[in-house]
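First up is the structure itself, then whatever we jot down about it.
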Amino acid sequence: MIDLFGRLAWGELKLFEFFHAPSIDTAVASGAAWMAVLGVLAVMAWLTVARRWGWLWSEWLTSVDHKKIGIMYMVIGFVMMARGVFEGIVMRAHQTTALDGGVLSNTHWAELFSTHGTVMIFFVAMPFITGFMNYLIPLQIGARDMAFPVLNQISLGLTTTGAALVMISLVVGAFETGGWTAYPPFTGADFDPGPGPDYWVWAIALSGFGSMFSGMNFAVTIYKMRAPGMSFMKMPVFTWTALCTSILLIFALPPLTVACLMQALDRLAGFHFFTNDLGGNMMNYANLFWMFGHPEVYILVLPAYGIFSELTSMFAAKRLYGYTSLVIATMSIAVISFCVWLHHFFTMGNSATINAAFGIATGIIAIPTGVKVYVWMATLWGGRIRMTTPMVYMTGFFILFVIGGLSGIILANPAINWQVHNTQFIVAHFHNVLLPGLIFGIFAGVHIWFPKAFGFRLDERAGKITALLWIVGFCLTFLPLYLVGLMGYPRRSAAFDNPDFVPIMIVCMIGACLLMAAFAGLFVTLWISIRNRDALAVPLGDPWDGRTLEWATSAPPPPWNFAMIPHVNERDAFAREKADGQPYVTPERYEDVHLPPNTAAGMVVMIATTAFGFAMTWWIWWLAVASFAGMVLWYVVHSFREHPEVTIPASTVARHHKAWVEAASLNPGVTRDHENDTRNRGRAATDMVVAS
Amino acid sequence: MSSARHLGAAYRCALLFALLFAPSLAVAEVQGFLTPFGAIARVQRTELIWATAITMIAILPVLVGTPLILWWYRRDNTRATYRPQWHFNTKLEILMWGVPTIIIVALSVWLTQAVFRIDPYRDIDAEMAEGMDFEITGPPVPVDVVGLDWKWLFIYPEENIASVGELVLPVGRPADMRLTTDTVMQSFMAPGLAGQIYTMAGMVTQLSMIADSPGTTVGQNTQYNGTGFPAQRAPVRALSTEDYADWVETARGAPALDAETYGVLAQSGDIAKARTDLGREGDGPLVFSLAAPRLFDRVVARYRSGEPVPPEAQPGSPVYDPESASLPEVPQ
Ligand code: HEM
Ligand SMILES: [Cu+2]
Ligand SMILES: [Cu+2]
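Those sequence lines, one after another, are chains A and B.
Numbering of the first sequence is given in the numbering used here, commencing with residue 2 and proceeding in unit increments.
Numbering of the second sequence is given in the numbering used here, commencing with residue 933 and proceeding in unit increments.
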């Protein structure tokens, strides 16, 4: 028996903790576990009742369509974000009561900041940006799919594995308590022999492979599959940022994965990479982790910059100012981001020369970042700005992000950093760049491309209210933390003894409630929009007077994206076609389209690696061997099978395309004055022409 | 010069920024980063104000300009000129790249000077005192700091005393600190006097600080190290020479910090627990006279023997057992 379940015992089930020892603390722990379990059961029940299992399997889980994979990434992101936001609120509630104590036990508090950070970075932010890149890259470069569609699905499988392991830790056992950075030796076997750090190690190591594969896939796709005529300097800006992010993914993820595996060796095999004794040295871990960790912030924020670039020019109805500057800035950020990692530990006793060098390097990276902000301002200058929901997010981003930049500059100075490192100042700083920088960008992007993906717009009024809630909620929740940070309150601290903090914590709590409402607002917006989907429908595919190729398709686009691969002569290819009055044309001849067939590869990887990670966490060796061997075997067997392509006959392509072109031609087109009413069916009377 | 005027404006902004933090300035009993009473921390605060002020030059245009642009170029403003094809301007480009570059150059020069000036490894000596305009009134006080779960042990090798949970320093004399930990990594910070430095097992880091008037700040751990983390806060008190001498005298008469006592102290727990375990009445910080010399070096040596240290012999481990965790001897 013991061997069958490794070190797993019934007592590890957190569902019943509350019933054994009722308290607020255990209520939160058990409640969360029940929520996870019931959530999964509810989804399964719905799938059964609605007879949707087959649909889920054949339309989604086994699909290799980059658009569907992108949407699935977004779904994972939102599901995990529900957890992350909820944990954030619980932490804020705890700190509100934390004058000499707090409602939660210190252990649960530590688990909360650790899971919250891990979830938000690896299973919210990463899926969001990967989802966007998946959806947009092929459409923007005029391609039909990724370079490696099956690998793409496998990446999704590995990301899901990581998310699943973190979710399982909510129900079985406990997560680690060393934060999202999981610094040894605190997370080493000598100090925490339990399953927590193992959950972290395997969730991060396995999903790390997925992210690295994604990076390779995107980079090759962008290098090799651009439409004829699209030279690098004619690529849309989002694609540029995606390229830089992909390069970062390829080079930044391996140090993290290696650091995780070294931790695993320390913990399982008695190695001494990061232990206190036998020459182990945690400083190596800090270096490896941040060699990933700093590029990671640019991995996350560059695609968001790309979204902001696209949307400023779109909603200012104007060409992007300073394309070349923006590209140079993006590339330099990508390169320099590998030269600054040490600023995460100016306090480790480095020599003054080293500290100064890395402080300066960090300052240098602020130059291209500043340029970007100015470029966006110049893009707005001389435009005709429509204050749509994405622009509301953009405004919030502008104002708040520069404050985050200011605190970044402050942190880059080692002399000051010694005072604010590891305090709430840093908590304020990274939320300041991650929420307005990344999350606002993602939500703005969702508003823009949701109509492309699903064929109808999102409700503007609900969207704007939600955006405002995010902005105000953010300000109240996080800006005050700068102050408590300067007053010396350490981060990750379950309690404080300074009564002056109490009113500040109450303000933060109010802000967190607004953020909760803002998060709910996203779903209210979705709900309202689904109910009005006929009025909001934009089947013709160009609701915002878009400029790049993805708008030159129907909404949603057909599985093959483009009836014929476009030829590109200019940067904003579709804007040019519209300005020339030639946007919707049919070719003389259509050709068959070949697409890769569905495969279960991603699901096999997901199930096998989840079992493997769980087995390694709980020392269930037979399962670890079986799942790993099973996966390898499946691949070996599978590689002998023929892989027929799916052929879409030219006639089908032609029928779809002609129907769309005809509908577009019959539609008179809508000027930007009626962008948000029912007249907007996705045919734009372009502003540039109307104006001149 | 217009740049000087800019600086002036920026300085005013910084003052405004500082005023925002006024509530914290009002709290005087426990001093922090914003109300320093030592030269090092004062330099750090000055850096904060200047870095903020200078960066404002790059940021203010965005904060002010964005709302203006959004308002003036709104779609229904017929008076605004619409220039859909405008996409490049050489002068603007030079400005966009130039201004941030100049700011970063300025900040970098500044930063480098500060980093060398108050490098935690730099001894606080006459040269530094002259450069930074403060006074040294006596010889340095060596202090060895050991991070334990969840309390700080301060050893005064020259005075042959030790204190747990309180660091007492004489005003005007530099504290010459060596730091390590006898468990997981920690970070020692005394915001009113100096910034922080990590403490790592088997390794020694350094930190220097000096108080120029009597005062209290909090010596805290900022690196999460377990459930007792928030409690790991030790007052750092700077006393006048006489008061300091009195304190040292009291400590000399306190019970000895021998191997056995150290083993008990190293157990995970706060000071109250240590008091109970050691059978010492009362509450608050503990003082000891020093029985074994070179305690600090022996703590460091524990992890450098070239032999594995089993978890039972590692303080902070859930299975730590003082009986099996004697400190190694070190050559005298
Ligand atoms: C939506 C509302 C959010 C709330 C209320 C919230 C709240 C918090 C709180 C209270 C902490 C602990 C601070 C401490 O150490 O004392 C924290 C940590 C953290 N948060 Fe958030 N957060 C939110 C959103 C986000 C987002 C969107 C991200 C990233 C995309 C994020 C990333 C992190 C990270 C990385 C940590 C550090 C965890 C660690 O210490 O290891 N948070 N957050
Ligand atoms: Cu960084
Ligand atoms: Cu070290």
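We put the beta carbon where it would ideally sit given N, CA and C, even for glycine.
Burial state of residue i, where buried means 16 or more other Cβ atoms lie within 10 Å
i: HIS21 (chain A); result: exposed
i: PRO150 (chain A); result: buried
i: ILE331 (chain A); result: Checking the displayed sequence, the identity of residue 331 (chain A) turns out to be Thr instead of Ile. With 16 or more other Cβ atoms within 10 Å, it is buried.
i: THR679 (chain A); result: exposed
i: ALA954 (chain B); result: Annotation note: pLDDT 45 at ALA954 (chain B) (below 50); position unreliable, no value reported.
i: HIS345 (chain A); result: buried
i: ILE531 (chain A); result: exposed
i: GLN1017 (chain B); result: exposed
i: ALA960 (chain B); result: Residue placement at ALA960 (chain B) is flagged as unreliable, the pLDDT there being 45, under the threshold of 50; the coordinate-derived value follows with that caveat. So ALA960 (chain B) ends up on the exposed side.
i: SER1256 (chain B); result: exposed
i: PHE293 (chain A); result: buried
i: LEU57 (chain A); result: exposed
i: LEU1125 (chain B); result: buried
i: ASP460 (chain A); result: buried
i: ILE138 (chain A); result: buried
i: ILE308 (chain A); result: buried
i: ALA10 (chain A); result: exposed
i: THR27 (chain A); result: buried
i: ASN423 (chain A); result: buried
i: LEU957 (chain B); result: Any reading at LEU957 (chain B) needs caution, since the residue's pLDDT is 43, under 50, leaving its predicted position unreliable; the model's value is listed next. Classification of LEU957 (chain B): exposed, given that the 10 Å Cβ count is below 16.
i: MET933 (chain B); result: With a pLDDT of only 34 at MET933 (chain B), under the threshold of 50, the placement of this residue in the model should not be trusted, and no figure is reported.
i: SER232 (chain A); result: exposed
i: PRO598 (chain A); result: exposed
Within chain A, partners of residue i - CB distance below 7 Å
i: ASN1157 (chain B); result: PHE187
i: GLU1025 (chain B); result: GLY323 and SER326
i: SER1249 (chain B); result: ASP191 and PHE192
i: ILE1036 (chain B); result: GLY364, ILE365, ALA367 and ILE368
i: ALA1257 (chain B); result: None at all; the shortest Cβ gap to chain A is about 12 Å.
Contact set between residue i and chain B, taken where Cβ atoms lie within less than 8 Å
i: GLY360 (chain A); result: SER1040, LEU1043, THR1044 and VAL1047
Beta bridge counterpart(s) of residue i as assigned by DSSP
i: LEU1080 (chain B); result: B:LYS1083
i: ILE1128 (chain B); result: The identity of residue 1128 (chain B) in the sequence shown is Gln, whereas the question assumes Ile. Paired residue(s): B:MET1121.
i: VAL1168 (chain B); result: B:LEU1099 and B:THR1149
i: SER1258 (chain B); result: BP columns for SER1258 (chain B) are empty, so no partner.
i: ILE1093 (chain B); result: B:TYR1088 and B:SER1221
i: GLN1138 (chain B); result: B:ARG1110
i: ILE386 (chain A); result: B:ARG1006
i: LEU14 (chain A); result: A:VAL173
i: THR424 (chain A); result: A:PRO491
i: VAL104 (chain A); result: Its beta-bridge partners do not exist; DSSP assigns none.
i: GLY970 (chain B); result: B:ALA1143
i: LEU1000 (chain B); result: Its beta-bridge partners do not exist; DSSP assigns none.
i: LEU436 (chain A); result: Answer by DSSP bridge pairing: none, since LEU436 (chain A) is not bridged.
i: PRO1074 (chain B); result: B:ASP1108
i: LEU1227 (chain B); result: LEU1227 (chain B) is not bridged to any residue.
i: ALA253 (chain A); result: ALA253 (chain A) pairs with nothing; no bridge assigned.
i: VAL302 (chain A); result: Answer is none; VAL302 (chain A) lacks a bridge partner.
Chain B contact residues for residue i, given Cβ-Cβ distances below 7 Å
i: ASN218 (chain A); result: In chain order: nothing, as chain B lies at least about 32 Å away.
i: LEU469 (chain A); result: Going along chain B, no residue has its Cβ under 7 Å from LEU469 (chain A), so there is no contact; the nearest lies around 15 Å.
i: TYR375 (chain A); result: MET1028
i: TYR184 (chain A); result: MET1117
i: SER494 (chain A); result: PHE1161 and PRO1162
Contact list for residue i against chain B, beta-carbon separation under 9 Å
i: ASN107 (chain A); result: GLY1158, THR1159, GLY1160, PHE1161 and PRO1162
Relative to ligand 2, what is the chain-ordered list of residues with a Cβ closer than 7 Å to any of its non-hydrogen atoms? Cβ-based neighbours of ligand 2 within the cut-off: A:TRP291, A:GLY294, A:HIS295, A:VAL298, A:VAL341, A:TRP342, A:HIS344 and A:HIS345.
To test your reading of the DSSP string, which unbroken alpha helix (DSSP H) runs of 4 or more residues are found completely within the segment 585-656 of chain A? You should have 602-619 and 622-640.
Completely contained alpha helix (DSSP H) runs for the segment 23-87 of chain A, where each covers 4 or more residues: Counting whole runs of 4 or more residues, the segment 23-87 of chain A contains the alpha helix (DSSP H) stretches 25-50.
Taking the runs of the alpha helix (DSSP H) that are 4 residues or longer, which of them lie wholly in the segment 121-192 of chain A? Annotation note: the segment 121-192 of chain A contains the following uninterrupted alpha helix (DSSP H) runs of length 4 or greater, listed N- to C-terminal: 127-142 and 150-172.
Start-end ranges of the alpha helix (DSSP H) lying completely within the segment 447-507 of chain A, minimum 4 residues: Complete alpha helix (DSSP H) runs here, min 4: 461-487.
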